[in-house]
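Peer 1: Next up is a structure, given as structure tokens.
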Amino acid sequence: MPGPIDTVKAQSEATGRIVDSLSDADFAKDAPGCPGWKVNNVVMHLTVGAQLFAGSAAGDKSIWERRDEHVKAVAGAAPAEMKRHHADANRQFIASLESLSPAELQSKTATHPAVGEIPLLRLAGMRVSEATIHSWDIESARNPHAKLEGPGVPMTLEAISGGWPMWFLPEQISGISRTYRLVGGSFDRRLTIGEGKASWAEGPGQADITLTMDAGDLALLIAGRLSADKLISAGRAKVEGDPVAARTFSTLFRAYGGR
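In my numbering, each number is its position in the sequence shown, counted from 1, plus 793.
What follows is the structure, given as structure tokens:
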């Protein structure tokens, strides 16, 4: 099984291939998964993100305060130049990780503006999730039927599912008592909703509704990119149990602006 740094490298390369394959016209297309953004904005976000993550991994605690400087440095770049910026930023982040010994990778912490001081390996996992999901945001701009694939999908699914129960909306789940089983690749877990709360169910048990799909589609569902209704209608998700409750599942939780 590849380690986290191997996965960072593999997903960076996979996302890089997608970025490098973009035509100049592709950069101007709307990114459906990021309302209000063009593909150019997504690539810029990934580029600046890699630069900031690299600085944080290197111990620069003030790097996030200089985000605007990094944005200005790449904003307005022509497509070919943006591709170079993106590749350079990924190499910078990977180099910052590879410069550390195995012991340092395990023990070192880094700063992130949303979650504070965290283990460096968690920061690496966040970068994998960002690169993985945004690779689909780019691909879907030129292919509405795009699938989410890549070496970072399993790590992304584990990472974003961790905090998922906290995204469920109290006003939407009030009065509901139901257990969902979510199956995607090797991911197979039950989510219980009751007494106005959502939580992962422990141990064996039954589910009222089972949604089965590939791991990439399950990640897109949790990340708010594709709703359960869209996945079911496209034949990309199989349902066992109440079909109406299955199709309206996405309305119960908040994700990325409610998409």
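We put the CB at the ideal spot given by N, CA and C, even for glycine. None of these values were measured; they are calculated from a predicted model.
#1: Note down the Cα distance separating Arg1052 from Gly826, rounded to an integer number of angstroms.
#2: Pick out whichever of Asp853, Pro947, Gly1034, Phe846 has its Cα sitting closest to the Cα of Ala1008.
#3: Could you spell out the range, first to last residue, of the alpha helix (DSSP H) harbouring Gly852?
#4: Quick check: the Cα distance between Val976 and Glu1033, rounded to an integer number of angstroms?
#5: DSSP has Pro912 in a bridge; who is on the other side?
#6: Enumerate in chain order the residues of its own chain whose CB-to-CB distance from Arg860 is below 8 Å, with the five nearest sequence positions on each side excluded.
#7: In chain order, what residues of the same chain have a beta carbon less than 8 Å from the beta carbon of Met794, not counting five sequence neighbours either side?
#8: Would you mind working out which of Ala888, Arg974, Glu806 sits nearest Lys876, comparing C-alpha positions?
#9: For the beta strand (DSSP E) containing Asp823, name the first residue and the last one.
#10: If the criterion is Cβ atoms closer than 9 Å, does the pair Ser922 and Ile811 meet it?
#11: State the Cα-Cα distance for the pair Arg935 and Lys822, rounded to the nearest angstrom.
#12: If you check the beta carbons only, do Arg974 and Gly987 fall under 9 Å apart?
#13: Give the DSSP-derived three-state secondary structure of Ile969 in the structure shown.
#14: Measure the beta-carbon distance from Trp857 to Pro906 and round it to whole angstroms, keeping in mind my assumption that it falls under 8 Å.
#15: Using 8 Å for Cβ pairs, my map puts Ser992 next to Pro958. What's the rounded Cβ distance?
#16: Would you say Ala953 and Ile1015 are within 9 Å of each other, going by their C-beta atoms?
#17: Could you give the distance in angstroms between the alpha-carbon of Leu916 and the alpha-carbon of Val835?
#18: Ignoring anything shorter than 4 residues or poking outside the stretch 867-895, list the alpha helix (DSSP H) runs there in chain order.
Peer 2: Here's the rundown:
#1: Here the question's residue 1052 lines up with position 259 in the sequence shown. Here the question's residue 826 lines up with position 33 in the sequence shown. Note that Arg1052 has pLDDT 43, beneath the 50 cutoff, so the model's placement of it is unreliable and no number is given.
#2: Reading the sequence shown from its first residue, position 215 is the one you call residue 1008. That would be Pro947, whose Cα lies nearest to the Cα of Ala1008.
#3: One-based indexing of the sequence shown puts residue 852 at position 59. Looking at the DSSP string, Gly852 is not in any alpha helix (DSSP H), and its letter there is neither H nor E.
#4: The residue you call residue 976 lines up with position 183 of the sequence shown. The residue you call residue 1033 lines up with position 240 of the sequence shown. About 11 Å.
#5: Taking the sequence shown and counting its residues from 1, the one referred to as residue 912 is at position 119. Its beta-bridge partners are Thr902.
#6: For the purposes of this step, residue 860 is identified with residue 67 of the sequence shown, where counting begins at 1. The answer, listed in chain order, is Val841, Leu845.
#7: Taking the sequence shown and counting its residues from 1, the one referred to as residue 794 is at position 1. Here the model assigns Met794 a pLDDT of 49, short of 50, so the residue's position is not dependable, and the following value carries that caveat. The answer is none, since no qualifying residue turns up.
#8: Working through the sequence shown from its first residue, we reach residue 876 at position 83. Of Ala888, Arg974, Glu806, the residue nearest in Cα terms is Glu806.
#9: Along the sequence shown, one-based indexing puts residue 823 at 30. It is not in any beta strand (DSSP E) - Asp823 carries neither H nor E in the DSSP assignment.
#10: Taking the sequence shown and counting its residues from 1, one reaches residue 922 at position 129. Taking the sequence shown and counting its residues from 1, one reaches residue 811 at position 18. No. Outside cutoff.
#11: For the purposes of this step, residue 935 is taken as residue 142 along the sequence shown, with counting starting at 1. For the purposes of this step, residue 822 is taken as residue 29 along the sequence shown, with counting starting at 1. Cα-Cα distance, rounded: 8 Å.
#12: Numbered from its first residue, the sequence shown carries residue 974 at position 181. Numbered from its first residue, the sequence shown carries residue 987 at position 194. Taking 9 Å as the Cβ cut-off, Arg974 and Gly987 do not qualify as a contacting pair.
#13: For the purposes of this step, residue 969 is identified with residue 176 of the sequence shown, where counting begins at 1. Coil.
#14: As a position in the sequence shown, residue 857 is number 64, starting the count at 1. As a position in the sequence shown, residue 906 is number 113, starting the count at 1. Confirmed, Cβ separation roughly 5 Å.
#15: For this step, residue 992 is matched to residue 199 along the sequence shown. For this step, residue 958 is matched to residue 165 along the sequence shown. Contact flag correct, Cβ pair sits at about 5 Å.
#16: On the sequence shown, position 160 is the one that residue 953 refers to. On the sequence shown, position 222 is the one that residue 1015 refers to. It is worth fixing the name first, because residue 953 is Ile in this sequence and not Ala. Cβ atoms of Ile953 and Ile1015: closer than 9 Å.
#17: Along the sequence shown, read from residue 1 onward, the residue named residue 916 stands at position 123. Along the sequence shown, read from residue 1 onward, the residue named residue 835 stands at position 42. So the alpha carbons of these two residues sit roughly 19 Å apart.
#18: 872-891
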